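S.K.: Chains as they are written, first to last, in the numbering used here: chain E, 86 to 514; chain V, 1457 to 1599.
Before anything else, here's the structure in question.
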Amino acid sequence: MLRLTSEEEAMASGAHGKAAEKAMDLLIRYANALGAERFVETNNVAGVPGSAHQWLKDQYKDDGGDYRAVFCKFDLDADEVFDIPVMTGNACHLQGGMDPELWREQGYSSEAFANAQSDENNTASLNIRNLKTCTPYLAGNEPKFGEHCAWMESSAVVYCNSVLGARTNTEGRESTSAAMITHRIPDWGFHRDEFRLGDHLVEVDVPVNDIFEWGMLGYYIGEIVQEEIPVIDGAISNAGLIELKHFGAAAASSGGVEMYHLVGVTPEAPVREKAFGGKTIKSRIRYGADERKKTYDNLNIRGKSTDVDYVMLGCPHAAIEQIETAARLLDGNKLNDGTALWIFTSRYVRAQAQAKGYVDVIKKAGGLVMTDTCSAIAQSIPKGTKVAALDSAKQTHYLPAFMGIEAWFGTTEDCINAALSGKWQGELS
Amino acid sequence: MSVSRLDEPIIIRGRGIVSGVAEAQALVTRETISGWGGVNPMKGEIIETRHELVGQSFAGKVLLFRGAKGSSGWSAIFHFSRLAGVAPAAMLFVDMTAKAALGAVVTHAPTVTDFDIDPFSVIETGDRVRVDGGKGVVEVWKR
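Pasting the structure below:
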């Protein structure tokens, strides 16, 4: 039975305006569906408020077909249209539809660009930060330990819970837009201590030490544990920001992993016992050479032709170190004729990469560093792409399904080699 | 006037989380469903490469599935499918997640979860199923 505070009741009754009333109505329906008993307050909300392709705007033509109509009727699932208040607190916009400068290369029309710009201006005028990235924790929004958040973006959610020890469920567009207005989200799931304990023990028997290996491990674990919590122990090393970004993203794609514990690494798992907190271990999962090979083969199931015409890096959005690696491998070389290279990152990281000269090195070789989006989100690939090469298990999971293309998964070096030679030569060492 | 039926349905009770009543053919998967990247919301079709329902549409069906996985775009994709007129007629799922709960709410399809018996032991693809999301009652007529 959901109980409301007096302030929440006031919002629900309309005392704080129509937007708060409708946002609370949606959150109450959602909390009841979950079986939540109360809300928590949140001041850190990451979503995609109000952003819409023309198709979605056209669904609300009778209501003006604009940002406001989409925010009210789609985001808040309301039956009427009203003004959206300027947000207070830390509200940010995650990845969006297109690069603000390279949108033509991504295949967008000037009308689509104008629409995206208009949405961005509306978002900014509501005091929502346009971080435009799936990695807000790399672009100025790094919640503190224990902080209640309401975040979208499964790869950011799993990072937020597991690595930062902050607390969020995998929220959706509608719940985050409502939370930006009300500063409330259901007190359910990862907001609660007992929900954050481990379910399965994963014992790693092969060395897992770089983004390629961490990505495969995440992909393997996600498929087995689905939305439950794995506790990983064994031959894991180099569990840095980039490696965990790839690991979590993969586990949240093949399954629905929203939190994991790495024994001795992540903040809620100093030792194995602490990660399980007395809970019975549901299963023991081994990750050895056979499991690693099977995972590699699964990820390469859509690879047939070795003629690669597109290499995409930056899923989740590249950190500065990854752009540096790409620039180092490309420096002084030229891409194969007929093979494109797009590297995706946040505006924040691109600015750093630009200042360091990496963007120019990559451009000189024939590649592009893009922001705001990625090929899967934008459903945008270079014209005529038939075969892609990727270093992200998550992107490999999604992109071929979206675009009906073949794809290879390998190391960042395999991918850059394919961009330079036009041939896929990756194999499992 | 309700039509009387000669065959008695099997009744499953659960917790209704989105009210409304719908009756349609069942589409069943014991697998979880990925929304964004796993469903084409304009056709209501499962597109995930290695999913057992790949190529099949849930439009107008009573969709019984294990739960939601993958991207946080889950709710928006099912929300889009409602706008496109290809949402499931009703939803039944067993694993509660934020994605599935919010998705059901914004899809406006009658939805039941937390069942008294395992729905997978009763409902198969093609069965006739009536879902009352307000009462949390699911009636099943075998094919």
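Even glycine gets a Cβ: it sits at the ideal position worked out from N, Cα and C.
Predicted model only: the values in this text are computed from it and were never measured.
Taking only the alpha-carbon atoms, compute the straight-line gap between E:L286 and E:S368 and give it to the nearest angstrom.
M.R.: Rounded to the nearest angstrom, the two C-alpha atoms are 6 Å apart.
S.K.: DSSP three-state call for V:K1499: helix, strand or coil?
M.R.: Of the three classes helix, strand and coil, the one that applies to V:K1499 here is coil, per DSSP.
S.K.: Within the chosen definition, does the segment 442 to 458 of chain E reach the segment 313 to 330 of chain E through at least 3 CB pairs nearer than 8 Å?
M.R.: Flag = no, the segment 442 to 458 of chain E and the segment 313 to 330 of chain E do not touch.
S.K.: Do you know how far the Cα of E:R377 is from the Cα of E:V293?
M.R.: Taking the straight line from one Cα to the other gives about 10 Å.
S.K.: Beta-carbon within less than 8 Å of E:M237's beta-carbon, same chain only, minus the 5 sequence neighbours each way: which residues are those?
M.R.: Only A131, G132, V133, L179, T255, E256, G257, R258, T261 meet the Cβ criterion.
S.K.: Report the residue ranges of all alpha helix (DSSP H) runs contained in full by the segment 1515 to 1584 of chain V; include only those spanning at least 4 residues, in chain order.
M.R.: List check, alpha helix (DSSP H) in window: 1530 to 1539, 1554 to 1563.
S.K.: On the three-state DSSP scale, how would you describe V:M1457?
M.R.: Low confidence applies here, because V:M1457 scores a pLDDT of 47, under 50, leaving its location unreliable; read the following figure in that light. Coil, per DSSP.
S.K.: From the DSSP secondary-structure annotation, give me the bridge partner or partners of E:C234.
M.R.: According to DSSP, E:C234 bridges with nothing at all.
S.K.: Am I right that V:T1553 and V:G1523 are in contact with their C-beta atoms under 8 Å? What's the rounded C-beta distance?
M.R.: Contact flag correct, Cβ pair sits at about 6 Å.
S.K.: Taking all protein chains shown into account, decide if E:L513 is buried (16 or more other Cβ within 10 angstroms of its Cβ) or exposed.
M.R.: When all chains shown are included, E:L513 counts as exposed.
S.K.: If we cut at 8 Å on Cβ distances, does V:I1489 have a partner in chain E?
M.R.: Chain E contact via Cβ: absent.
S.K.: From the beta carbon of V:D1463, is the nearest beta carbon of chain E less than 8 Å away?
M.R.: Answer no: the Cβ-Cβ gap between V:D1463 and chain E never drops below 8 Å.
S.K.: Using a beta-carbon distance below 8 Å, is E:N254 in contact with chain V?
M.R.: So yes, E:N254 belongs to the interface.
S.K.: My output table needs one value for E:S514: the three-state DSSP class, helix, strand or coil.
M.R.: In this structure, E:S514 counts as coil in the three-state DSSP scheme.
S.K.: Taking all protein chains shown into account, decide if E:L326 is buried (16 or more other Cβ within 10 angstroms of its Cβ) or exposed.
M.R.: Exposed.
S.K.: Around the Cβ of E:W140, are there at least 16 other Cβ atoms within 10 angstroms (buried) or fewer (exposed)?
M.R.: The residue is exposed, with fewer than 16 neighbouring Cβ atoms inside 10 Å.
S.K.: Helix, strand or coil for E:F361 per DSSP?
M.R.: E:F361: helix per DSSP, three-state reduction.
S.K.: Output needed for E:A154: all residues of its chain with C-beta closer than 6 Å, excluding positions within five of it in sequence on either side, in chain order.
M.R.: Cβ within range, chain order: Y145, D148, V166.
S.K.: Which term fits E:T220, buried or exposed, when burial requires 16 or more other beta carbons within 10 angstroms of its beta carbon?
M.R.: It counts as buried.
S.K.: What does E:V472 pair with, by DSSP beta-bridge criteria?
M.R.: Paired residue(s): E:E491.
S.K.: So with Cβ pairs under 8 Å, would you call E:F159 a contact of chain V?
M.R.: Chain V, which has a Cβ nearer than 8 Å to the Cβ of E:F159, makes this yes.
S.K.: Between which two residues does the alpha helix (DSSP H) holding E:Y443 run?
M.R.: E:Y443 -> alpha helix (DSSP H) spans 443 to 450.
S.K.: Per the DSSP calculation, E:R269 is bridged to which residue(s)?
M.R.: Answer by DSSP bridge pairing, in chain order: E:E126.
S.K.: Taking the alpha-carbon of E:T90 as reference, which of E:I501, E:Y372, E:R123 has the nearest alpha-carbon?
M.R.: Comparing Cα-Cα distances from E:T90 to each of E:I501, E:Y372, E:R123, the minimum goes to E:R123.
S.K.: Do E:L505 and E:L384 count as a contact pair if the criterion is CB distance below 8 Å?
M.R.: No. Outside cutoff.
S.K.: Could you check whether the Cβ of E:L282 sits closer than 8 Å to any Cβ belonging to chain B?
M.R.: In the structure shown, chain B does not exist; the protein chains are E and V.
S.K.: Could you check the C-alpha separation between V:K1591 and E:C400 for me, to the nearest Å?
M.R.: Roughly 44 Å between the two C-alpha positions.
S.K.: Taking Cβ-Cβ distances below 9 Å as the criterion, which residues of the segment 1557 to 1570 of chain V are in contact with chain E?
M.R.: So the list reads A1557, L1558, G1559, A1560, V1561, V1562, H1564, T1567, T1569, D1570, given in the order they occur along the chain.
S.K.: Between E:K379 and the ligand COA, is the CB less than 7 Å from at least one heavy atom?
M.R.: With respect to the ligand COA, the structure offers nothing, as it holds no ligand at all.
S.K.: For E:F167, which of helix, strand or coil comes out of DSSP?
M.R.: Here E:F167 sits in coil by DSSP.
S.K.: Who are the Cβ neighbours of E:D371 in its own chain at under 7 Å, not counting the five residues just before and after it?
M.R.: Note that residue 371 of chain E is Arg in the sequence shown, not Asp. Once the five neighbours on either side are set aside, the close Cβ partners of E:R371 are E288, D290.
S.K.: Among the residues of its own chain, which have a CB less than 6 Å from the CB of E:F280, if the five just before and after it don't count?
M.R.: Here the set comprises G274.
S.K.: How many Å lie between E:V444 and E:L87 at the Cα?
M.R.: Cα to Cα, the separation comes out at about 52 Å.
S.K.: Would a check of beta-carbon distances place V:A1545 closer than 8 Å to chain E?
M.R.: Chain E, which has no Cβ nearer than 8 Å to the Cβ of V:A1545, makes this no.
S.K.: Pick from E:G225, E:G452, E:T430: whose alpha carbon is nearest that of E:A412?
M.R.: Here the closest residue by C-alpha is E:G452.
S.K.: What is the DSSP secondary structure of E:A224, reduced to helix, strand or coil?
M.R.: Coil, per DSSP.
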